[in-house]
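Notes follow the structure.
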Amino acid sequence: MDASDASFETAVIERSRSVPVVVDFWAAWCAPCRMLGPVLEREVARRDGAVELVKLDTDANPATAQAYGIRGIPAVKAFRDGEVVAEFVGAIPAMAVSRFLDGLAPSRAELLVKNGDEASLRQALELEPDRADAAIPLARMLLSRGESEEALEILSHVPGNFAADGLMARVRLEKEGLDGLSPAFAALDSRDYEQAVDLLISTIRPTNPRKDDIRRVVVGILDELGPDDPRVPDWRRQMSSRLY
């Protein structure tokens, strides 16, 4: 719905005492606003009323825009109990919008992911096929049963995710023949990341035709471990030195 200076108190402040309200501060001349608007509308609709979207034209309603310190648009502010609880500026990617909204009200897909069982993960992907947090664990379940083709199909819907890309690379390596990689993957399956990464990095050589897929597997592991893991920087340096 649209709000104005006159209706903002009722449409946003009062309404946010019952349900989180996300306000999209925009203007007709703003190209990034036109990019972000449909993404916000789609992601809010996925939440089936758990969060509501209000749009406010800053040109037509300068008093509210000034009151909330809007200096650049698109600007998005989330209200709960009459207060701003989260915000961002700019046309961010759909996945980032989804995470922003998940912090306010989880989508049905997110709730299904939290269940963690195969049926729930499949339902989550029916709702949101690009959810990496559903695709990756489901793909692992399938791979444990030898169903690699379906696993690859599921992972193909989450491009740009390092963990998914690494898992796909592992499947390709396993289909081509492991050539000494079995101990590394066995260690990985048992969550012995130190042994797995060390073994994988040791096989990376400029002359190895599989070096790119091995690198993708390692990058996927490091991505899942996260930047706070103290081993990650050293493993990245080791991998770089082996590649060139």
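The C-terminal position of the sequence shown is numbered 268 in my numbering, with every residue numbered one higher than the one before it. Don't be surprised by glycine CBs; every beta carbon is placed ideally from N, CA and C.
Is residue i helix, strand or coil when you go by DSSP?
i: Arg266; result: helix
i: Val182; result: coil
i: Ala27; result: strand
i: Thr34; result: helix
i: Ser172; result: helix
i: Ser42; result: coil
i: Leu224; result: helix
i: Leu197; result: helix
i: Asp258; result: helix
What number of angstroms, rounded off, separates the C-alpha of residue i from the C-alpha of residue j?
i: Trp259; j: Arg41; result: 48 Å
i: Ala270; j: Gly106; result: Nothing in the structure corresponds to residue 270, since the chain is present only between 25 and 268.
i: Asn185; j: Ala35; result: 38 Å
i: Cys54; j: Arg95; result: 13 Å
i: Glu134; j: Thr231; result: 43 Å
i: Tyr268; j: Asp236; result: 12 Å
i: Asp126; j: Lys199; result: 37 Å
i: Ser264; j: Ile116; result: 31 Å
i: Arg239; j: Ala208; result: 13 Å
i: Tyr217; j: Leu224; result: 10 Å
i: Ala211; j: Val195; result: 16 Å
Given residue i, which residues of its chain have a CB within under 7 Å of its CB, disregarding the five upstream and five downstream residues?
i: Glu248; result: Ala187
i: Ile178; result: Leu149, Ala159, Leu162, Ala163
i: Ile97; result: Phe49, Trp50, Ala51, Cys54, Cys57, Thr82
i: Gln147; result: Leu136
Between residue i and residue j, which are expected to be in contact by the criterion C-beta below 8 Å, what is the C-beta distance as a whole number of angstroms?
i: Leu128; j: Ala102; result: 5 Å
i: Val43; j: Glu76; result: 6 Å
i: Gly244; j: Asp189; result: 6 Å
i: Arg266; j: Arg215; result: About 23 Å separates the two Cβ atoms, so there is no contact after all.
i: Arg234; j: Leu197; result: 6 Å
Between which residues of its own chain and residue i is the CB-CB distance below 6 Å, once the five residues before and five after are set aside?
i: Asp48; result: Leu64, Lys79, Val100
i: Val108; result: Lys101
With a CB to CB cut of under 8 Å and the five nearest residues on each side skipped, what residues in its chain are close to residue i?
i: Leu166; result: Ser172, Glu174, Ala175, Ile178
i: Gly140; result: Pro161
For the ligand MN, is there any heavy atom lying closer than 8 Å to the beta carbon of residue i?
i: Ser42; result: The ligand MN is not part of the structure shown, which contains no ligands of any sort.
#### Entry: alpha helix (DSSP H) runs wholly inside the segment 108 to 159, at least 4 long, in chain order
Runs found: 118 to 126, 132 to 139, 142 to 151.
TODO: Ignoring anything shorter than 4 residues or poking outside the segment 44 to 112, list the alpha helix (DSSP H) runs there in chain order.
DONE: 55 to 69, 86 to 91
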